[in-house]
Structure formats: structure tokens, C-alpha cells
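S.K.: Below is a structure I'd like to ask you about.
Protein chains in written order, with my numbering: chain G, 58 to 347; chain L, 506 to 857.
Shown next, in the form of C-alpha cells:
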């Protein structure tokens, strides 16, 4: 096996496609964690809900409508989540809240199964993106290019918001020094509502985007949740930049591992997690230690 | 008003110093021995194989829950991937029986030894992590083992998707395979294992090491400054939790004679985790009560077809309403009632 088989443009693009999906999800997870210290185990279920809503809306209207509406619907779920779960429980230990989100994830995935059933659904890419695209001389599915563009576009927008706006600055302040930020007059509750809505909305966006890329089935939430948690922990809890970097590293290892040996692909994410946490317990980014 | 309870407390602590140590322990020890002995006769009272089987399942789940509760209470570390330890013990037993062709007894000893060594090694690596990364690490460990078991190249050893069905030679404590599979004849093994594990966890929790561990949980930095080694005790606690979990895994292997990848699934660790939380981590009996409630609930809800939905609701309700679990709630209520009684009595004494 020569190296060109492993490191070619198509493989790199595959890795970036997976990474963009993971970054959208992981940045939402990291945002919520940074602000509220809540490890949201329901993120996978929200992602699944987004994918199923996207499937239904894309069938009734079209893909583009779903791509706009579903994130808003999920942001509404985020409002409920913030008021019903996070705010009443903010004095409780992190572990308690994490377990409540785990319970909510169980409930949510069962509700999805009740509505849509257990059989996998397939979702077609929109006609304008159904073909393939000429990527440096090789044909490559246009939808994946679109996925990469949206994924990294979202990240750039998020980074710009965090860096150049007042509310973004407050989010960064609370993530780094919650007490000091509060003393300086940052309204954590109001900010948290915004951030939780953004996080759940991102989960919805990722769900719709994942529809034509992965299959829409009841197991999709649980399997991606583990990857996302690994990415967030490797990136440094609460650090957005770290999460993005970790998602790219994770996806590269996953894709290259699949080509080299399936055994390696299966265990490499966990090995990566172990190595990073033992070498740098705070993760790659400049987040706080949970 | 406030003087009375503290006086009572002083009297309580002063009493052991006056009376010799042995007779003081005699009464509780006798009660425990009687309960253990009475427990052995459960199968002759409870004739239904179905309900006895349910109880055996509760015991196995309860032992895994004790492992989680022990570590959570003593070290503040929540093992999300307890399945890694229960499941790997079942697989170790299965592999020892099918590949090495060892007898049940040898394979069991090997399983406990190997699983304990394994958890000591893993513990040495992971106990440095803070609680949340720790939870992730154990969860990732369980997922990794599950993926490893399913890899096609390892199929001859692990059985892949199909799992491993066991037929073991020899006897385990005088019981053959068919006897171990029956709840009634398996009962003494499970019951004694449960009692042993509970006593072990209780004794370690009450010992000096237990106090050191809880002090480290409360403030690790201060303990380090006071000259205590804060690393080794946590590794030991983790190893003990791993050992207890492996007992649960071994019992699964002996009873069901089957090792499936499902055992390493997050859901399996989740069952034990939910039991622990429902019961409460503050005591050794809490997780066992939680496991019993969980198994009963599973039996009741299973018929409705909404098992996971109701489990999710149960988890949320219990965590929100009973922060210390059902056992903690019972304990607090009893303490409150007893406190009221003691205060009334104390007030009466003061009046005299």
C-alpha cells in the first residue's frame, strides 16, 4: 500500500466532512459546558431529533426549508431545556445535572422512536447538490463539499461572534472565570439562555446536514454522542477552538485508520483520548478543567 | 435546645470507651450473621422460579451498583463505564473456559485475579483525572472493549456479534453448570457473594483508609499538604471497585453461561449506574435497594413496551426529588423521626 492511497485529496475531504459535522455538534456541547458546567448527554438525542425533523420537513417542503426551520425548532427545545432542567438544577453537582440530561436523552430518543418508528430512513441530497464535483481532477460528491463549507462556515461565524461582539466577549469571560464575570455584572442567566439555544440549534443543524450523509436511524444519536464527548474532552472542556482542532484530528485519525486497518480505526479514538488526557489533563485548548 | 443533641452525641461516643470493644461489636455481628443465614433459605420460601430469577438478577446488578456507589462515595468518581469491568470479567471467564479449557473453579479464580490486576493498571492511569474526564475515560474504555470484541479478526476468541456460549467442565463450589443455571441452586452463591461484597465495602468504608479517602475527596490539596499520599489510596479504591464489579461479571458468566457484546454496552453500565443513583450512594445497602427497585421496575414496565422511556423518567424524577437516593431519603426520614424522639427525651431529662 503506497502513501498516495492514504493521503489523497478524497480522503482528506472525507475527513473534513466528518470533522465539520463533529465541530458543529462539539462546539454546541463546548458552549453549553463553558457557560453552565453542564455536560449535556442529551446532545446526541437532540441531534437525532434534528435529523428526523429534517427528514419530515424535507419530505413535505424541501431540504433548504428544513435546513432553516429545524435549527429554530431545536432552539425552542433549548429554551425548554434551559428553563425546565438547567436553571432549576444549577445549584446541584455537575454529575447530577449530567445524569438528568442522560435521563432526558433516554426519554427523547424513545419519543422519536414512538413518532417515527425504528426502521432507518434515507434522505436524499437536494437536486442541486446530488451530483459530483471536480475536486483537483477527481470526482467527489458535491453534498460533502457543501457539508464541509457549512460546517466550517458555521465555525468561522461562531468564532467571529465570540471575538467581535459584546455578548461573545461575555461568553468567553464566563467560560474562563465565571465568578469574576458575574461580579463584573455579566448576566449569566440571560447569556445561558442564548448559549443553550445556540447549542441545541447547532445540534439541529448538524442533524439536518447529517441526513443525506449518514443514515437516519434511532442509533445515530448514541454513536455520535460518544465521538462528540471524546472531541470535547480532547479539545479541552469548554474550549471552542480546542474542540474544532480536536474534531479535525479525530476525523483524520478515523478516516486514515479505516484505510490502514479497521482494528486501528475502531480503537484509535479511545487511545487518542487516553493519551491526550494522560499527557495534558486539561485537553488541547485553553479551556477549564471540569 | 441545641445542647441536648450534642450531649447525646457525646454520650454516644463516650460509651464505647467504657465498655470493652468485643461485646459492643457482638450484637450487630450476630444480627448480620442471622440475616446472612436466613437469606440462604429464601429459595425454600419463594417457590416461584420466575421471581427467584428476578432476585438473582437484582443481586448481580446490585453488586455492580455497589462497585459504582463505593467509588462515588469514597472518591467522588462516577464510573460511567462500569460495563467495562463487569463485561470484561464475563469475557475473561468465557475465554478461560472455552479457549484454555479450564475448569469452572480455576477459570473463576483466574477471572477475579486478572480482572483485579487489570483494574489496578487502569486505575493507576485514570484516577488522576477530575470527576468528569474520569467518567468519560471509563465510558470510553467500555466502548473500546465493546468495539474490540466485535472486530472480525478476534472472532475466533471473542465470538464477535454472536457472543460466546459456554459449556464448562468441573464444578464451582460443588455446583455443576446446569445447577448454576437454575436460580434456586444458584441462590446461595449469589447471596453469599452479595453479603461478602457488602461487608467488604462497608468495612473498607469504615476503616482508616475509608476516612482518608473521603478526606481526599473533600479536599485533595489539603490532604497532600498534611503529608498524606493522595494517589495510592485512590488507586486502591478503584481497584477494589473493579474487583467488586468483576464479581458481578463472574456471577453473570456462571449463571447465564453466555458472554455477549451487549454486556459491554453503555446501556448495561447504565443499568447499574441508574440503580446506584436511585438507591443512593451514601450507604452500602442503597445501591442494592436501587438494583432491586430497578429489576422490579423493569419487570413491571417491560410489559408496557416503554421500558426506556419510563427508566428515563424515573432517573430524572429520582435525581430531582431525592438527591441522596431512596436510601438516603429513608435514612434522613428515620433520622429526623429519631432526632425528634431523642430531643423530646433529652428535653424531658433536662426538666428533671
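Even glycine gets a Cβ: it sits at the ideal position worked out from N, Cα and C.
Computed from a predicted model, the values in this text were never measured in an experiment.
(1) Which residue marks the beginning of the beta strand (DSSP E) containing residue 192 (chain G), and which one marks its end?
(2) Taking the C-alpha atoms as reference points, what is the distance between residue 232 (chain G) and residue 292 (chain G)?
(3) For residue 180 (chain G) versus residue 273 (chain G), is the C-beta spacing smaller than 8 angstroms?
(4) Answer with buried or exposed for residue 553 (chain L), where buried requires no fewer than 16 other C-beta atoms within 10 angstroms of its C-beta.
(5) Counting Cβ pairs, one atom from each stretch, are 3 or more of them under 8 angstroms apart for the stretch 623-632 of chain L and the stretch 566-573 of chain L?
(6) Cutting at 6 angstroms between CB atoms, please list the residues of its own chain near residue 161 (chain G), excluding the five before and the five after it.
(7) Closest Cβ-Cβ distance between residue 863 (chain L) and chain G: below 8 angstroms?
(8) Cβ of residue 259 (chain G) versus every heavy atom of the ligand GTP: is any distance shorter than 7 angstroms?
(9) Just to confirm the assignment: which complete alpha helix (DSSP H) runs, minimum length 4, are found wholly within the stretch 263-340 of chain G?
(10) Tell me, please, which residues DSSP counts as bridged to residue 195 (chain G).
(11) Hey, does residue 234 (chain G) have any beta-carbon neighbour from chain L nearer than 8 angstroms?
(12) Consult DSSP for residue 146 (chain G) and reduce its assignment to one of helix, strand or coil.
(13) With a threshold of 8 angstroms between beta-carbons, can residue 175 (chain G) be considered close to chain L, or not?
(14) Let me know the alpha helix (DSSP H) ranges lying completely inside the stretch 199-259 of chain G, each 4 residues or longer, listed in chain order.
(15) Thinking just about the alpha-carbon of each residue, which of G:139, G:148, G:88 and G:108 is nearest to the one in residue 125 (chain G)?
(16) Mind checking who residue 532 (chain L) pairs with in its DSSP beta bridge?
(17) Under the three-state reduction of DSSP, which class applies to residue 748 (chain L): helix, strand or coil?
(18) Measure how close the beta-carbons of residue 786 (chain L) and residue 577 (chain L) come, nearest whole angstrom, since I'm counting them as under 8 angstroms.
(19) Compare the C-beta of residue 269 (chain G) against all C-beta atoms of chain L and say whether one is closer than 8 angstroms.
(20) Please confirm whether residue 709 (chain L) and residue 745 (chain L) have their CB atoms less than 8 angstroms apart.
(21) Assuming residue 822 (chain L) contacts residue 594 (chain L) under a Cβ cut-off of 8 angstroms, what Cβ separation, rounded to an integer in Å, is found between them?
(22) Tell me where the alpha helix (DSSP H) around residue 596 (chain L) begins and ends.
(23) Of all the CB atoms in chain G, is at least one closer than 8 angstroms to the CB of residue 584 (chain L)?
(24) With 16 other CB atoms within 10 Å as the buried threshold, where does residue 805 (chain L) fall?
(25) Taking all protein chains shown into account, do 16 or more other C-beta atoms lie within 10 angstroms of the C-beta of residue 724 (chain L), making it buried, or fewer, making it exposed?
(26) Taking just the CA atoms, how far does residue 120 (chain G) sit from residue 113 (chain G)?
(27) Between the C-alpha atoms of residue 814 (chain L) and residue 534 (chain L), what's the straight-line distance to the nearest angstrom?
(28) List the endpoints of the continuous alpha helix (DSSP H) containing residue 722 (chain L).
(29) Could you pull out every residue in the same chain whose Cβ sits closer than 7 angstroms to the Cβ of residue 639 (chain L), ignoring the five residues on either side in sequence?
(30) Apart from the five residues on each side of it in sequence, which residues of its chain come closer than 8 angstroms, Cβ to Cβ, to residue 70 (chain G)?
(31) Could you pull the start and end residues of the alpha helix (DSSP H) that residue 96 (chain G) belongs to?
(32) Quick check on residue 642 (chain L): does DSSP put it in helix, strand or coil?
(33) With a threshold of 8 angstroms between beta-carbons, can residue 275 (chain G) be considered close to chain L, or not?
(34) So which residues on chain L does residue 330 (chain G) lean against when the C-beta distance must stay under 8 angstroms?
(35) Using DSSP with H/G/I as helix, E/B as strand and the rest coil, what is residue 677 (chain L)?
(36) Run through chain L and tell me which residues come within less than 9 angstroms of residue 153 (chain G), C-beta to C-beta.
M.R.: Inspection of the coordinates gives the following:
(1) Taken as a continuous stretch (DSSP letters only), the beta strand (DSSP E) holding residue 192 (chain G) covers 189-192.
(2) Approximately 14 angstroms, taken between the alpha carbons.
(3) Cβ atoms of residue 180 (chain G) and residue 273 (chain G): closer than 8 angstroms.
(4) That one is exposed.
(5) Counting Cβ pairs under 8 angstroms, fewer than three are found: no touch.
(6) Only 99 meet the Cβ criterion.
(7) Limits of chain L in this structure are 506 at one end and 857 at the other, which puts residue 863 (chain L) out of reach.
(8) In terms of ligand content, the structure shown is empty, and the ligand GTP therefore cannot be addressed.
(9) Counting whole runs of 4 or more residues, the stretch 263-340 of chain G contains the alpha helix (DSSP H) stretches 277-292, 297-317 and 319-336.
(10) For residue 195 (chain G), which the question treats as bridged, DSSP gives the partners G:192.
(11) No, residue 234 (chain G) does not count as interfacial toward chain L.
(12) Coil, per DSSP.
(13) It does not: the Cβ of residue 175 (chain G) has no partner Cβ on chain L nearer than 8 angstroms.
(14) Correct list: 199-221, 223-233 and 235-240.
(15) Measuring from the Cα of residue 125 (chain G), the nearest candidate turns out to be G:108.
(16) When beta bridges are read from the DSSP output, residue 532 (chain L) appears opposite no residue.
(17) DSSP places residue 748 (chain L) in helix when its eight states are reduced to three.
(18) Contact holds; Cβ gap of about 5 angstroms.
(19) Chain L contact via Cβ: absent.
(20) Yes, Cβ-Cβ distance for residue 709 (chain L) and residue 745 (chain L) is below 8 angstroms.
(21) So it is not a contact: roughly 32 angstroms between Cβ atoms.
(22) Where residue 596 (chain L) is concerned, the enclosing alpha helix (DSSP H) stretches over 588-603.
(23) Taking Cβ atoms only, chain G never reaches closer than 8 angstroms to residue 584 (chain L), which makes this a no.
(24) Residue 805 (chain L) counts as exposed, since fewer than 16 other beta carbons sit within 10 angstroms of its beta carbon.
(25) With fewer than 16 Cβ atoms within 10 Å of its Cβ, residue 724 (chain L) is classed as exposed.
(26) When rounded, the distance between both Cα atoms is 10 angstroms.
(27) Answer to the nearest angstrom: the Cα atoms are 42 angstroms apart.
(28) According to the DSSP assignment, residue 722 (chain L) belongs to the alpha helix (DSSP H) that extends over 713-723.
(29) Taken in chain order, the residues that qualify are 582 and 631.
(30) Here the set comprises 192, 197, 201, 202 and 205.
(31) It is not in any alpha helix (DSSP H) - residue 96 (chain G) carries neither H nor E in the DSSP assignment.
(32) DSSP places residue 642 (chain L) in helix when its eight states are reduced to three.
(33) Not closer than 8 angstroms to any Cβ of chain L, the Cβ of residue 275 (chain G) fails to qualify, so no.
(34) Chain L residues near residue 330 (chain G): 641, 642 and 645.
(35) DSSP places residue 677 (chain L) in strand when its eight states are reduced to three.
(36) Under the 9 angstroms cutoff, chain L gives 782, 824, 825 and 828.
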